[in-house]
Amino acid sequence: MTAALIPPLGEPRPQPVPEATETTLPSGLRVVVVPRPGVPLIELRLRVPFAAPSTRGAAAHTARASVLAGAVLLGTASHDQTGIAQLLQSHGAELSVASDADRLVLGTTLLPEGLGAVLGVLAELLTSATYPAGPVTGERDRLVERITIARSQPGVIARAALAARRFGTHPYAVTLPEPELVGAVTAPALRKLHRERVVPGGSSLVLVGDLDPAAATDAVAAALAGWAAPGTATESAPAPARHEPVLELVDRPGAVQSNIRLGGPAPRRTDADLPAARLAAMIFGGYFSSRLVENIRERRGYSYSPRSSVDHQAGAASFLVEADVATEVTGPALVETLYELGRMALTDVTEAELDAARRYVLGSMALSTATHAGLASTLTALIGAGLPVGWLAEHQRALEAVTVDEVRAAALRYLAPAGLTAVVVGDAEHVEAPLAALGPVTVRRDAGE
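Structure representation (structure tokens):
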């Protein structure tokens, strides 16, 4: 098919506003129900704010939270681990549990007729999880092994080094718990953590799928009536802006690749310049047609998958750049990355670049909310950020209105190289001199320890 026969792209469809029913239960739990008939499935997401209560205790809290996420399904006062799994599976459900620096999330897909039963299992886990000592020890030891392996991976080392430099003493500086701290977690400590921190106040439950909003809300209220506790779940404190002007080189002797990471602040979801900054990041390195990909992948062959993104956490938003390159081109690859960042900050993008990036972002938004699972996860993130369900439609309209001048202003503020913190993980013997030719470098020689 020739280019002349390829039809032009149509205009992006408006982002529909989900028809959500919202209720706050007496316990403080916020319940959001979005009916989506057509597919006989329901997606459930329970978000419990689970941030470290203080900077001093962040490392220990991260360790305990990591174990708790894997151990909460090990048994309740009424069912052991196998019984819980069988109950869930009989209704097409398999509960997953995950934690990070901001929250604990329990999620599952289920059949509509099983909503009451699955909510009953969820209520058991929330109110009477037992954390049996033997299974907890096994789960803890498996987690120690996984973390130990992960902490030896260069990409993980680079992410941890960048977070430590950017966030200092804030809990976000801890991306993976220390194996020693995880190994010290006990079953009584998990029971205490669950009792004090897994509370309904400030938490949210999202249901999306083939259901009646009123009936679903009543089912949640009845099933979770016993989940009550004083206080409100702990949200993350805002992370202070922090910039390290000197590049840090984390030494990995013998490494055949270098992992380049740059990061800096980005606008929050509530900031007016987020749409422009998001499009600037996309044009720079956010998708295959971006400037960074065209330069260091297509033109020079330095990296297979360089990328940039705007990432959101409860207490911070970040502009991030990643590129993994061969050791011998570490210096040149960083030069080209900084060049493209500077070009974004100081010169205008073209209307064609802006239009292509805008279409990509709008299309990605539509795809991410097209499924029950995608919409449930997206709404959970938005509600956790304190945003209304209509934010997606508002954000789409804002993206459609962004101009070239606004992209340049956002790039100057957020993408300028002078405002970014840089980390490189690689073989210092071979890459220190090329990097030092670009500016001051400090070398750290404890990679993976």
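For what it's worth, my numbering labels the leading residue of the sequence shown as 15, then goes sequentially.
Backbone N, C-alpha and C define an ideal beta-carbon position, used for all residues, glycine too.
Keep in mind that this is a model prediction, so the values were computed, not measured.
If you draw a straight line from the Cα of Ala337 to the Cα of Ala331, it comes to about 20 Å.
Here the C-alpha atom of His75 lies approximately 29 Å from the C-alpha atom of Leu102.
At least 9 Å separates the beta-carbon of Ile297 from that of Leu355. Annotation for Val343: Tyr316 place their beta carbon closer than 7 Å to its own, counting only its chain and skipping 5 residues before and after. Residue range Thr344 to Leu360 is occupied by the alpha helix (DSSP H) that includes Arg357.
Residue pairing of Gln410 in beta bridges, as defined by DSSP: absent, with no partner found.
The DSSP assignment places 227–237 as complete runs of the alpha helix (DSSP H) inside the segment 207–257, in order along the chain (cut-off: 4 residues). With contacts defined as CB atoms closer than 9 Å, Ser304 and Ser322 qualify as a contacting pair.
Following the DSSP letters along the chain, one finds Ala99 inside the alpha helix (DSSP H) bounded by residues Gln95 to Gln103. Counting the other Cβ atoms within 10 Å of the Cβ of Leu452 gives fewer than 16, which makes it exposed. Distance from Leu434 to Leu276 at the Cβ level is roughly 4 Å; contact confirmed, criterion being Cβ atoms closer than 8 Å. With a 10 Å radius around the Cβ and a threshold of 16 neighbouring Cβ atoms, His257 comes out exposed. For Glu336, the enclosing beta strand (DSSP E) covers residues Ala330 to Ala340. Residue environment for Arg179: buried (at least 16 other C-beta atoms within 10 angstroms of its C-beta). Looking at the backbone, the Cα of Val188 and that of Pro254 are separated by about 15 Å.
According to DSSP, residue pairing for Ala436 in a beta bridge involves Leu276. The continuous stretches of beta strand (DSSP E) do not include His184, and DSSP gives it neither H nor E.
A distance of 9 Å or more separates the beta carbons of Ser92 and Leu238.
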